[in-house]
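Protein chains in written order, with the numbering used here: chain A, 1 to 253; chain B, 1 to 253; chain C, 1 to 253; chain D, 1 to 253. Written out below as structure tokens is the structure these notes cover.
Number of protein chains: 4
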Amino acid sequence: MIKEGEFVILYGGRKANYFLQYKPGQKFSSHLGEIVFPEELEYGKILVSHTGHKFLVLRPSLSDMILNIKRQTTIMYPKDIGYLILETGLREGSIVAEVGSGSGALTTVLASIVGERGKVHSFERREDFHKLAIENIKKYGISNRVKFYLRDVAQEGFGIQGVEVIFVDVPEPWEIVRWAKEALIGGGFWASLSPNVEQVRKTVTELLNQGFVLVRTVEILERELLVRESGTRPKETMISHTGYLTVARKVSD
Amino acid sequence: MIKEGEFVILYGGRKANYFLQYKPGQKFSSHLGEIVFPEELEYGKILVSHTGHKFLVLRPSLSDMILNIKRQTTIMYPKDIGYLILETGLREGSIVAEVGSGSGALTTVLASIVGERGKVHSFERREDFHKLAIENIKKYGISNRVKFYLRDVAQEGFGIQGVEVIFVDVPEPWEIVRWAKEALIGGGFWASLSPNVEQVRKTVTELLNQGFVLVRTVEILERELLVRESGTRPKETMISHTGYLTVARKVSD
Amino acid sequence: MIKEGEFVILYGGRKANYFLQYKPGQKFSSHLGEIVFPEELEYGKILVSHTGHKFLVLRPSLSDMILNIKRQTTIMYPKDIGYLILETGLREGSIVAEVGSGSGALTTVLASIVGERGKVHSFERREDFHKLAIENIKKYGISNRVKFYLRDVAQEGFGIQGVEVIFVDVPEPWEIVRWAKEALIGGGFWASLSPNVEQVRKTVTELLNQGFVLVRTVEILERELLVRESGTRPKETMISHTGYLTVARKVSD
Amino acid sequence: MIKEGEFVILYGGRKANYFLQYKPGQKFSSHLGEIVFPEELEYGKILVSHTGHKFLVLRPSLSDMILNIKRQTTIMYPKDIGYLILETGLREGSIVAEVGSGSGALTTVLASIVGERGKVHSFERREDFHKLAIENIKKYGISNRVKFYLRDVAQEGFGIQGVEVIFVDVPEPWEIVRWAKEALIGGGFWASLSPNVEQVRKTVTELLNQGFVLVRTVEILERELLVRESGTRPKETMISHTGYLTVARKVSD
């Protein structure tokens with residue numbers, strides 16, 4: 001049973017995909033007609049609009065949650081987050097930190113994976129982003145797994161220790177490195193995303209200077225294959241760059 | 001504190017990386033000398049061999065666990081698993097199934113993410129693989145989250161229901177589709193990997209025939225960027241194909 | 001000195017690029033003002049519009065000629081043509097054939113490279129395309145190097161022999177293979193482009209059946225690197241698929 | 001009829017590919033047996049070794065000539081050269097220059113395309129490379145189309161003018177830019193290859209400083225598609241980086 005306030009996807013076909021909160025009795029309108037949410041609802045059910053169009057009720061994937069979040073910032077793409085989760089060993093129960101909170105998109109994924117026994121420490125220096133991230137996470141109903149900090153890590157550090165993984169998505173990741181060294185457990189993971197080669201170079205240099213090991217930078221490309229009656233072929237256009245991902249591990253002194 | 005039997009990585013430099021079980025008092029030998037595991041050990045510590053070489057003690061990432069598992073089969077690559085986790089919304093508490101168990105590499109990742117409140121149902125028709133997967137998961141200490149079945153799903157189906165995500169890594173995924181429809185909750189996710197275009201085509205056709213929606217196939221490419229004193233450039237060679245990933249969602253009848 | 005009727009590019013900045021024929025005294029208008037072509041003109045000169053905007057006079061590259069041709073068909077991309085030229089050894093003096101003529105874009109490149117001592121035999125079954133290709137080549141002033149045929153090669157064959165390279169850009173390349181075997185010299189090259197995997201499969205199968213060797217299929221990807229003050233990074237989007245290129249060599253019986 | 005001294009490929013199957021000079025009466029030995037070259041030979045013929053193995057006599061493609069040249073340097077890959085030919089409009093009759101001559105691989109392609117009415121000016125500062133390039137071009141029988149210079153262009157410039165295209169493959173391309181401006185015709189093309197991002201950045205900056213326009217950098221990726229009985233899929237590994245290609249056009253002052 002879907003709880004009041006939970007997010008759902010109403011899927012009415014390729015070009016009619018809606019991401020919204022379930023509220024019993026509430027009306028939803030689109031060019032395909034009007035729907036009233038029933039008192040009880042389950043994922044996988046079909047709702048029919050007053051014009052007869054069918055909408056499938058779907059539970060949002062992590063990818064849907066990221067791409068549909070209310071945002072004021074660029075977000076990390078699912079393909080990149082997925083890679084970093086596997087590389088850093090993030091799992092149920094992990095203690096992680098992120099800089100910055102941004103719109104809370106990555107925060108949402110991290111909190112969904114670490115679960116009730118884990119913790120996400122989310123740092124942001126801009127008050128507007130800080131508030132937006134808090135608001136977004138609240139909507140997703142997983143606020144208890146996240147602790148938000150309005151704090152400039154580049155200047156003041158994390159102020160916490162024992163972190164297993166640190167995700168960094170700020171324009172100057174190299175300013176965070178020495179603080180990450182303090183906050184991480186021995187062998188803990190650094191994971192950052194940067195669009196430009198120059199940013200990568202500075203970050204990698206600082207990681208090596210601070211004694212991090214297994215420093216590695218990759219980019220992840222996602223290419224769609226179209227399977228059609230008329231033939232099978234890669235899609236004609238693609239997003240070819242979101243950012244470079246740098247992973248490294250801390251050594252205890 | 002690392003528990004007896006837990007896996008660790010001994011990192012002694014770029015070409016001296018060892019994945020092994022921690023057993024207090026046990027000796028480990030390599031071309032860089034001999035190490036005796038101490039009675040107590042923590043991640044991030046450094047052990048020194050009798051010839052003076054330093055080894056860093058690291059907790060394996062999910063990626064390390066996959067790539068180092070004892071195997072008799074090909075495995076799904078971290079980049080592909082990471083993508084599927086985000087696309088399917090797999091998270092702490094999820095109920096998932098996989099066909100087949102193979103060497104238990106994917107099983108390990110799934111179990112690490114769903115945690116104590118989730119469950120992984122792992123199906124395999126070959127007895128040797130079935131046993132190997134059980135053995136491998138036992139070593140990783142997460143057996144309680146996994147239920148193994150020696151069963152040919154293509155012939156007999158899953159025999160369970162209420163599954164949120166089904167991962168399929170067998171040569172004929174299209175034979176699993178109708179059974180997946182029975183086992184999945186409404187809106188539940190299909191996720192399969194196939195190396196060949198012909199396999200993808202058959203699978204996609206069957207998914208559409210069985211009424212699945214949001215059917216999408218992609219490939220994920222990982223390209224390393226080398227950051228060196230002498231200059232920054234992509235690595236000269238790369239793995240350019242592991243498989244096509246197909247994701248789809250079930251509609252309730 | 002540029003001859004009357006020759007094509008030039010008027011380059012007035014990133015978004016003001018015009019491809020047109022030089023005619024002394026003729027007026028050209030754009031949103032950047034009006035230009036009158038002088039009686040004498042050379043490549044590399046700058047023309048100034050009546051509003052003061054500067055336009056650089058450039059000789060079109062082969063790539064410009066292809067992308068600006070008057071067309072009713074899709075065209076082969078420069079990146080793909082360039083690869084095929086190198087792989088087939090096309091050079092000054094070569095005798096080549098193409099099926100079909102299309103809009104004459106590939107014809108133009110082939111004729112520009114084989115020169116006065118070479119020959120391009122261009123086959124097309126649709127009269128409208130046939131006429132368009134003839135017209136386009138005439139504009140480029142290299143008609144004497146090309147012989148056009150209104151002929152359905154799939155049904156009637158080439159009717160010529162001694163061809164060194166055959167370029168095939170039709171929806172059913174496999175229907176051309178047996179005729180190519182007749183027309184090619186021993187060791188001569190087959191080069192075809194197809195968007196779909198299924199087309200490639202049929203073509204490769206037929207090439208092997210007809211005894212061709214060194215059969216190889218590739219795709220060529222072009223990815224732009226943006227070098228900006230703000231940083232260096234790959235462009236965010238790219239064309240990720242134009243077609244698969246299949247090359248093979250004929251064996252004499 | 002193949003002339004004495006001309007290069008041929010003896011193709012005896014996937015792993016038995018030999019590139020050698022044709023000399024009537026000369027013996028050639030491999031693990032597949034011995035062949036004696038007949039007095040007369042044509043492309044496409046089959047020669048049989050004393051052990052019964054068949055070898056097909058093929059004319060080398062431009063790609064074969066590049067990849068088989070006797071070399072002391074890295075070479076530009078066919079995929080990259082092909083792209084640059086199309087982008088720069090190189091064709092029969094063109095006047096081009098290259099820095100440096102290297103092993104003469106690119107020189108060979110350029111000379112094959114510009115033909116008897118064109119000219120290749122090839123500059124090299126190292127005497128050993130200069131001699132090797134001259135020797136290699138002589139073997140290919142196209143020496144009359146090439147003029148070799150033992151000269152350090154970075155220090156002394158080209159000393160010639162009226163060049164339509166300049167190819168640059170040296171570690172410091174930015175040192176060549178101002179000299180290229182002198183040597184090129186108005187609208188003439190700059191084309192350089194560099195492995196590292198830092199080299200690209202310096203080169204692009206200098207090109208813009210010297211007033212070049214339409215400056216663009218790309219990388220070209222070649223990915224093989226395997227078409228097998230067992231299925232169709234991209235090859236598992238690929239060369240993922242050879243170099244970045246920068247093209248630009250000169251403006252007359």
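For glycine and all other residues, C-beta sits at the position ideal for the given N, C-alpha and C.
Please compile the residues from chain B whose C-beta is within a distance smaller than 8 Å of the C-beta of residue i.
i	result
valine 197 of chain C	Val197
histidine 130 of chain D	Result: empty, since nearest Cβ-Cβ is about 26 Å, beyond 8 Å.
Decide if residue i is buried, meaning its Cβ has at least 16 other Cβ atoms within 10 Å, or exposed.
i	result
threonine 237 of chain C	exposed
glycine 118 of chain A	buried
valine 8 of chain D	buried
arginine 249 of chain C	buried
valine 218 of chain A	buried
glutamate 182 of chain C	exposed
glycine 141 of chain D	exposed
glycine 102 of chain D	buried
glutamate 156 of chain A	exposed
glutamate 222 of chain A	buried
serine 230 of chain A	exposed
valine 120 of chain A	buried
Is the separation between the beta-carbon of residue i and that of residue j shorter than 8 Å?
i	j	result
glycine 186 of chain D	tyrosine 43 of chain C	yes
threonine 242 of chain B	tyrosine 77 of chain B	yes
isoleucine 220 of chain B	lysine 3 of chain B	no
valine 177 of chain A	leucine 207 of chain A	yes
serine 194 of chain C	threonine 203 of chain C	yes
isoleucine 134 of chain C	threonine 108 of chain C	no
valine 227 of chain D	valine 200 of chain C	yes
isoleucine 98 of chain C	serine 63 of chain C	This sequence places glutamate at residue 98 of chain C; isoleucine is not what is there. Not a contact, by the Cβ cut-off of 8 Å.
glycine 25 of chain A	glycine 115 of chain B	no
threonine 232 of chain C	valine 197 of chain D	yes
glutamate 124 of chain D	leucine 150 of chain D	yes
threonine 88 of chain A	serine 61 of chain B	yes
leucine 184 of chain B	valine 163 of chain B	yes
tryptophan 174 of chain B	valine 153 of chain B	no
Can you tell me the Cβ-Cβ gap for residue i and residue j, rounded? I've got them flagged as a contact below 8 Å.
i	j	result
valine 168 of chain B	alanine 191 of chain B	7 Å
alanine 111 of chain D	arginine 145 of chain D	4 Å
valine 165 of chain A	phenylalanine 129 of chain A	Wrong, their Cβ atoms sit about 21 Å apart, outside the cutoff.
glutamate 40 of chain D	methionine 1 of chain D	6 Å
phenylalanine 55 of chain A	leucine 10 of chain A	4 Å
leucine 245 of chain A	tyrosine 244 of chain B	With a Cβ gap of about 22 Å, leucine 245 of chain A and tyrosine 244 of chain B do not count as contacting.
phenylalanine 113 of chain D	glutamate 92 of chain C	Per the sequence shown, the amino acid found at residue 113 of chain D is isoleucine instead of phenylalanine. Sure, about 6 Å apart at Cβ, within 8 Å.
alanine 16 of chain D	arginine 71 of chain D	The pair is not a contact, with the Cβ atoms about 22 Å apart (cut-off 8 Å).
Name, in chain order, the residues that DSSP records as bridge partners for residue i.
i	result
leucine 10 of chain B	B:Tyr18 and B:Val57
alanine 97 of chain C	C:His121 and C:Ile166
valine 227 of chain D	D:Thr232
glutamate 222 of chain B	A:Ile220
threonine 108 of chain C	Bridge partners of threonine 108 of chain C: none, in fact.
threonine 88 of chain B	Answer is none; threonine 88 of chain B lacks a bridge partner.
leucine 150 of chain C	C:Glu124
methionine 238 of chain B	D:Met238
tyrosine 244 of chain D	D:Ser194
arginine 249 of chain D	D:Phe189 and D:Val213
isoleucine 46 of chain B	B:Leu56
phenylalanine 28 of chain B	B:Ile35
Identify the contact partners of residue i in chain C, using a Cβ-Cβ distance below 9 Å as the criterion.
i	result
methionine 238 of chain A	Thr237, Met238, Ile239, Ser240 and His241
In chain C, what lies closer than 7 Å to residue i by C-beta?
i	result
threonine 254 of chain A	Since the displayed chain A opens at 1 and closes at 253, residue 254 of chain A lies outside it and no answer follows.
Check the Cβ of residue i against every Cβ in chain A and list those closer than 8 Å, keeping chain order.
i	result
arginine 223 of chain C	Ser240
serine 61 of chain B	Leu86, Glu87, Thr88, Gly89 and Phe189
Which residues of chain D have a Cβ atom closer than 7 Å to the Cβ of residue i, listed in chain order?
i	result
arginine 249 of chain C	Leu58
Given that residue i touches chain A, what residues does it touch there, using C-beta distances under 7 Å?
i	result
valine 153 of chain B	Simply none; closest approach about 21 Å.
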